[in-house]
Amino acid sequence: MKLSISVVGTGRMGSALARALLQSGYRTTVWNRTKQKAEPLAALGATVAGSVLEAVNAAEIIIVNVSDYQASAVLRDDAVASAIRGKLIVELTSGTPHGAREAAEWFAAHGASYLDGAIMATPDFIGTDAGTILISGPRQAFDANEEMFRALGGNVQHVGEEPGRANALDSALLALMWGALFGTLHAIAVCQAEEIDLGELGRQWTAIAPVIDGLVADLIKRTDAGRFASDDETLSSISPHYGAFQHLLELMEARKIDRSVVDSYDAIFQRAIAAGHLHDDFAALSQFLESPDKRSLRSGPRGGSLLAG
3 MKLSISVVGT
13 GRMGSALARA
23 LLQSGYRTTV
33 WNRTKQKAEP
43 LAALGATVAG
53 SVLEAVNAAE
63 IIIVNVSDYQ
73 ASAVLRDDAV
83 ASAIRGKLIV
93 ELTSGTPHGA
103 REAAEWFAAH
113 GASYLDGAIM
123 ATPDFIGTDA
133 GTILISGPRQ
143 AFDANEEMFR
153 ALGGNVQHVG
163 EEPGRANALD
173 SALLALMWGA
183 LFGTLHAIAV
193 CQAEEIDLGE
203 LGRQWTAIAP
213 VIDGLVADLI
223 KRTDAGRFAS
233 DDETLSSISP
243 HYGAFQHLLE
253 LMEARKIDRS
263 VVDSYDAIFQ
273 RAIAAGHLHD
283 DFAALSQFLE
293 SPDKRSLRSG
303 PRGGSLLAG
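Here the sequence shown stands for residues 3 to 311, numbered as in the working numbering.
As structure tokens, this is what we get:
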């Protein structure tokens with residue numbers, strides 16, 4: 003017999019999680035602060051709990067997906083806290099690494115197992131082969147319930163024992179996404195200012211996307227290896243990027259396009275150039291998002307990495 007599971011929080015994502023569990027045959031109880039949001043799941047076979055305590059008592063695994071970690075504090079009510087002993091809490095609320103670590107400590111102190119997760123998908127991907135969820139915390143707890151996690155998505159991954167790892171990766175991957183989305187907004191603004199059809203922008207993006215994907219992969223690989231100095235395998239150094247970037251700044255200034263984001267990029271360029279990196283690989287810029295103390299441990303006299311070998 004499959005385990006009984008409660009889903010705390012039935013917004014769009016929480017409801018998608020509950021539906022996926024129901025479709026896989028799990029006995030599912032749901033609770034939401036606004037009960038009406040949970041009631042449509044009853045028609046699919048879910049039990050709608052009248053309280054968080056009722057939801058916790060009904061299940062062996064409690065999946066939490068609410069607005070933030072502050073909202074998930076509903077599990078820390080004294081009456082609820084006494085009911086979680088021996089159960090598995092799976093926190094799928096978006097949060098911070100330090101928030102996950104603090105929650106893990108609290109639940110451990112109250113006799114519950116704890117896994118923290120980051121959902122890297124929109125609700126329509128939940129329950130599909132392409133659904134990606136990152137899970138961190140005790141590997142044993144993940145392995146023991148892998149079948150349940152596979153019901154939520156075909157690409158559910160355990161990414162480490164340290165409870166904050168999933169949220170840290172979440173923030174890193176979202177930074178990549180927002181960089182692309184804000185970059186797209188800038189591209190749209192430039193095209194509109196220069197009266198270029200956005201369909202043309204879309205066609206040209208399709209053509210250059212593989213080049214950009216390659217640059218991103220190379221940037222990650224070179225930074226991981228500490229290979230900041232230009233070499234025979236360098237795809238792009240800072241100098242030509244900075245020259246072309248100045249043209250973008252001039253265009254945006256002339257067309258009165260908001261420069262607040264790109265001016266921040268310019269500041270990073272300038273810090274790296276002032277430190278002698280103008281002709282180094284673009285990966286050298288990664289050092290200038292770190293604190294100066296950490297950067298001094300990684301860099302040699304002219305900014306070349308001590309780790310470059």
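Glycine included, each C-beta is placed from N, C-alpha and C at the ideal position.
All figures in this text were calculated on a predicted structure; none of them were measured in a lab.
So, helix, strand or coil for residue i, using DSSP?
i    : result
S96  : coil
Q272 : helix
Q159 : strand
D70  : coil
I240 : helix
S26  : coil
D283 : strand
L136 : strand
E8   : Strictly speaking, residue 8 in this sequence is Ser, with Glu absent from that position. In the structure shown, S8 sits in a strand (DSSP, three-state: E or B).
In whole angstroms, give me the CA-to-CA distance for residue i and residue j.
i    : j    : result
P303 : A269 : The pLDDT assigned to P303 is 42, lower than 50, so where the model puts this residue is not dependable; a value taken from the coordinates is nonetheless given after this. Distance between the alpha carbons of P303 and A269: 21 angstroms.
I210 : L203 : 11 angstroms
K89  : A45  : 27 angstroms
V58  : A85  : 7 angstroms
A274 : I240 : 9 angstroms
T186 : A153 : 34 angstroms
K39  : S17  : 9 angstroms
I63  : P242 : 54 angstroms
Q272 : G278 : 10 angstroms
A246 : L280 : 13 angstroms
L200 : W207 : 10 angstroms
H249 : S266 : 16 angstroms
K4   : R29  : 7 angstroms
K37  : E56  : 13 angstroms
I318 : A256 : One cannot answer for residue 318 here, as it falls past the ends of the chain, which runs 3 to 311.
D226 : I198 : 39 angstroms
D282 : K223 : 15 angstroms
E235 : A182 : 25 angstroms
R21  : V92  : 17 angstroms
A146 : L43  : 27 angstroms
What does a CB cutoff of less than 6 angstroms around residue i pick up in its chain, not counting 5 residues either side in sequence?
i    : result
M15  : N67 and P125
F127 : G133
G13  : none
Can you name, in chain order, every residue of its own chain whose Cβ lies under 8 angstroms from the Cβ of residue i, other than the five neighbours on each side?
i    : result
V54  : V10, W33, V76, L77, D79 and V82
E221 : What sits at residue 221 in the sequence shown is Leu, not Glu. Hits under 8 angstroms: F284, A285 and S288.
I259 : H188, A191, V192, A195 and L253
E41  : V50
D87  : For clarity, residue 87 is Arg in the given sequence; the question names Asp instead. Same-chain partners within the cutoff: H112, G113 and A114.
I135 : L94, G119, A120, I121, M122, A123, F151, L154, G155, N157, V158 and Q159
Y244 : F271, I275 and L280
V141 : Strictly speaking, residue 141 in this sequence is Arg, with Val absent from that position. These residues qualify, in order along the chain: H160 and E163.
V263 : F184 and H188
I7   : L23, Y28, R29, T30, T31, A61, E62, I63, I64, I65 and M150
S238 : L217, D283 and F284
For residue i, I'd like the list of residues in its chain whose CB is within less than 7 angstroms of its CB, leaving aside the five on either flank, ordered along the chain.
i    : result
R35  : none
G311 : Unreliable placement is indicated for G311, whose pLDDT of 28 sits below 50; no coordinate value is reported for it.
A143 : L90, S115 and L117
Q25  : G129
G97  : D70, Y71 and N169
(request) Inspect the CB distances between the segment 97-110 and the segment 159-172 and report whether three or more fall short of 8 angstroms. (result) Short answer: they touch.
(request) Jot down the residue ranges of each uninterrupted alpha helix (DSSP H) in the segment 176-231, minimum 4 residues, whole runs only, in chain order. (result) Here the runs fully enclosed are 200-227.
(message) Can you confirm whether the segment 114-123 touches the segment 44-56 when touching is taken to mean that 3 or more C-beta pairs between the two stretches lie within less than 8 angstroms?
(response) Flag = no, the segment 44-56 and the segment 114-123 do not touch.
(message) Give the list of continuous beta strand (DSSP E) stretches no shorter than 3 residues that lie fully inside the segment 74-132.
(response) Within the segment 74-132, the complete beta strand (DSSP E) runs of at least 3 residues are 90-93 and 115-121.
(message) Pairs of beta-carbons, one from the segment 141-151 and one from the segment 173-189, closer than 8 angstroms: are there three or more?
(response) Touching, no, given that fewer than three Cβ pairs across the two stretches are closer than 8 angstroms.
(message) Taking contact to mean 3 or more Cβ pairs, one atom from each stretch, closer than 8 angstroms, check whether the segment 229-239 and the segment 278-292 are in contact.
(response) With the cut-off at 8 angstroms, the segment 229-239 and the segment 278-292 touch.
(request) Please list the segments of the beta strand (DSSP E) lying wholly inside the segment 39-68, counting only runs of 3 or more residues, in order along the chain. (result) Entirely contained in the segment 39-68, the beta strand (DSSP E) runs reaching 3 residues are, in chain order, 63-66.
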